[in-house]
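Have a look at the structure below, then the notes.
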């Protein structure tokens with residue numbers, strides 16, 4: 001029997017904590033539900049209202065989408081699960097951006113897929129080299145997997161670079177799958193569009209209302225693609241997992257993504273992230289001998305490397321455990337939760353959330369004292 005690797009991110013982050021959670025969402029308790037809504041099973045693909053809104057959000061002149069191009073799922077984690085099961089299997093090869101959310105490469109690896117990790121350059125703001133990606137393609141490569149904006153680094157793949165990736169994929173008929181759960185949280189003028197809007201028929205975008213929209217209590221995610229065959233495989237696979245999403249969740253998500261509500265939701269969350277980035281940047285500058293980072297261009301997380309007094313990378317697990325036990329602050333140890341053997345082990349990195357500036361400021365004050373009270377972790 002195959003052994004599934006423990007999913008370290010969720011196991012670590014579900015500890016009791018005073019810090020490291022995001023509460024970005026406003027109270028959307030009014031006018032969210034259709035009073036005539038019947039609590040029966042929902043439609044298999046999700047409500048027409050929600051799918052039409054998502055189709056519009058992902059459409060472009062190159063890729064005019066309809067509700068038929070959208071499948072609603074219970075969260076992005078299920079969307080990703082179904083996509084990965086649909087596009088690759090034993091004897092296939094995939095290339096996955098690294099570091100990233102572990103599900104994107106650990107699940108294929110568990111299912112017998114040959115996985116190559118396309119490592120971003122930590123010394124160049126976590127940039128990605130498409131020429132290096134091209135050198136990793138094999139005759140049996142089925143998919144290129146990216147996470148844009150990236151979790152945990154906050155790096156963003158630009159529109160121009162996305163076009164380069166798609167050009168590479170077109171030559172070989174390779175699927176390109178983009179987990180866009182943190183889109184459209186972009187913090188610079190570089191705001192790439194959804195991958196599926198760029199017109200490649202073998203492209204897939206997934207997302208949810210959990211991250212960028214700050215509504216993780218709604219278990220609503222989605223898959224968007226022009227590829228009818230892939231979508232059919234996904235809906236068939238879903239027959240073995242979940243019949244449909246909750247009608248209540250679907251209805252509230254449709255309200256949150258409406259033209260009246262969505263701009264306000266994103267404006268608030270972008271403002272929260274921007275304020276947190278300023279606070280973190282000041283913290284990094286004050287403590288430059290003991291920590292470093294590449295300022296995130298997107299998402300709602302920051303990846304900070306903690307250094308010992310001698311300049312070496314700290315033990316991120318020991319650091320995170322001591323911080324939780326002594327100060328009640330929980331952060332994700334980067335090497336433990338995002339590292340992979342044989343690639344950059346991400347030693348010393350911790351992931352911090354860009355949520356609740358006042359809470360972050362207070363936590364960083366405690367963190368600063370904690371770091372300087374010890375010379376080595």
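Numbering (full-length UniProt numbering), first residue to last: 1 to 377. Glycine included, C-beta positions come from ideal geometry on N, C-alpha and C.
{"Asked": "From what residue to what residue does the alpha helix (DSSP H) around residue 270 run?", "Found": "262-286"}
{"Asked": "Looking at residue 372 and residue 308, is the spacing between their C-beta atoms short of 8 Å?", "Found": "no"}
{"Asked": "With respect to the alpha helix (DSSP H) encompassing residue 80, which residues constitute its N-terminal and C-terminal limits?", "Found": "76-87"}
{"Asked": "Across which residues does DSSP place residue 135 in a beta bridge pair?", "Found": "Paired residue(s): none; residue 135 is not in a bridge."}
{"Asked": "Note the first and the last residue of the continuous beta strand (DSSP E) segment covering residue 93.", "Found": "93-98"}
{"Asked": "Any chance the region 225-238 sits against the region 179-193, with 3 or more Cβ pairs inside 8 Å?", "Found": "no"}
{"Asked": "Got a sec? Which residues, its chain only, sit under 8 Å from residue 105 by beta carbon, not counting five neighbours each side?", "Found": "94, 96, 98, 115, 117, 145, 340"}
{"Asked": "Under 8 Å Cβ to Cβ from residue 173, same chain only, skipping five residues before and after it: list those, please.", "Found": "202"}
{"Asked": "Thinking residue 364 and residue 283 are a contact (beta carbons under 8 Å), I'd like their distance in whole angstroms, please.", "Found": "5 Å"}
{"Asked": "Report the residue ranges of all alpha helix (DSSP H) runs contained in full by the region 143-186; include only those spanning at least 4 residues, in chain order.", "Found": "159-172"}
{"Asked": "Taking the alpha carbon of residue 314 as the point to measure from, which residue in 348, 258, 216, 274 has its own alpha carbon closest?", "Found": "348"}
{"Asked": "Would you mind giving the Cβ-Cβ distance between residue 354 and residue 301, rounded to the nearest angstrom? I have them listed as a contact below 8 Å.", "Found": "6 Å"}
{"Asked": "Along the chain, which unbroken stretches of the beta strand (DSSP E) at least 3 residues long are found entirely within the region 210-253?", "Found": "221-225"}
{"Asked": "Taking the alpha-carbon positions, what's the residue 158 to residue 196 distance?", "Found": "14 Å"}
{"Asked": "Residue 353 lies in the alpha helix (DSSP H); which residues open and close that run?", "Found": "Element bounds for residue 353: not the alpha helix (DSSP H) but the beta strand (DSSP E), 349-353."}
{"Asked": "Assign residue 123 to buried or exposed, taking buried as 16 or more other Cβ atoms, counted over all protein chains shown, within 10 Å of its Cβ.", "Found": "exposed"}
{"Asked": "In whole angstroms, what separates the C-alpha of residue 103 from that of residue 136?", "Found": "20 Å"}
{"Asked": "Using the Cβ count rule (16 or more neighbours within 10 Å means buried), how would you classify residue 57?", "Found": "buried"}
{"Asked": "Leaving out the 5 sequence neighbours to the left and right, which residues in its chain are closer than 6 Å to residue 16 when beta-carbon positions are compared?", "Found": "Note on residue 16: pLDDT 45, under 50, position unreliable in the model; the coordinate value appears next. Once the five neighbours on either side are set aside, residue 16 has no close Cβ partner at all."}
{"Asked": "Please list the terminal residues of the continuous alpha helix (DSSP H) segment that includes residue 320.", "Found": "316-327"}
{"Asked": "Going by the DSSP bridge assignment, what does residue 337 pair with across the sheet?", "Found": "Answer is none; residue 337 lacks a bridge partner."}
{"Asked": "By a C-beta neighbour count over all protein chains shown, 10 Å radius and 16 as the cutoff for buried, is residue 132 buried or exposed?", "Found": "exposed"}
{"Asked": "State buried or exposed for residue 358, treating a residue as buried only when at least 16 other CB atoms are found within 10 Å of its CB.", "Found": "exposed"}
{"Asked": "So residue 320 and residue 350 are in contact, right, with Cβ under 8 Å, and what is the actual spacing, rounded?", "Found": "6 Å"}
{"Asked": "With a CB to CB cut of under 8 Å and the five nearest residues on each side skipped, what residues in its chain are close to residue 165?", "Found": "130, 133, 144, 146, 157, 176"}
{"Asked": "To which residues of the same chain is residue 83 closer than 7 Å at the C-beta, ignoring the five residues directly before and after it?", "Found": "177, 204, 206, 223, 234"}
{"Asked": "Can you name, in chain order, every residue of its own chain whose Cβ lies under 6 Å from the Cβ of residue 219, other than the five neighbours on each side?", "Found": "74, 75, 249"}
{"Asked": "Among residues of its own chain, excluding the 5 on either side of residue 293, which ones have a beta-carbon nearer than 8 Å to its beta-carbon?", "Found": "280, 284, 302, 303, 304, 305"}
{"Asked": "Exposed or buried, residue 39, counting other C-beta atoms within 10 Å across all chains shown (16 or more means buried)?", "Found": "exposed"}
{"Asked": "Enumerate in chain order the residues of its own chain whose CB-to-CB distance from residue 362 is below 8 Å, with the five nearest sequence positions on each side excluded.", "Found": "none"}
{"Asked": "Go through its chain and collect everything with a Cβ distance to residue 89's Cβ below 8 Å, but skip five positions before and after it.", "Found": "111, 112, 113"}
{"Asked": "Given this structure, state the Cα-to-Cα distance separating residue 42 from residue 236, to the nearest angstrom.", "Found": "16 Å"}
{"Asked": "According to DSSP, residue 306 sits in a beta bridge with which residue or residues?", "Found": "291"}
{"Asked": "Starting from residue 104 and walking both ways along the alpha helix (DSSP H), at which residues does that stretch end?", "Found": "103-110"}
{"Asked": "By a C-beta neighbour count over all protein chains shown, 10 Å radius and 16 as the cutoff for buried, is residue 21 buried or exposed?", "Found": "Its pLDDT being 40, under 50, residue 21 is placed unreliably by the model, and the measurement read from it follows with that caveat. The residue in question, residue 21, is exposed, as its Cβ has fewer than 16 Cβ neighbours within 10 Å."}
{"Asked": "Report all residues from its chain with a CB closer than 8 Å to the CB of residue 44; omit the five preceding and five following residues, and keep chain order.", "Found": "235, 238, 243, 244"}
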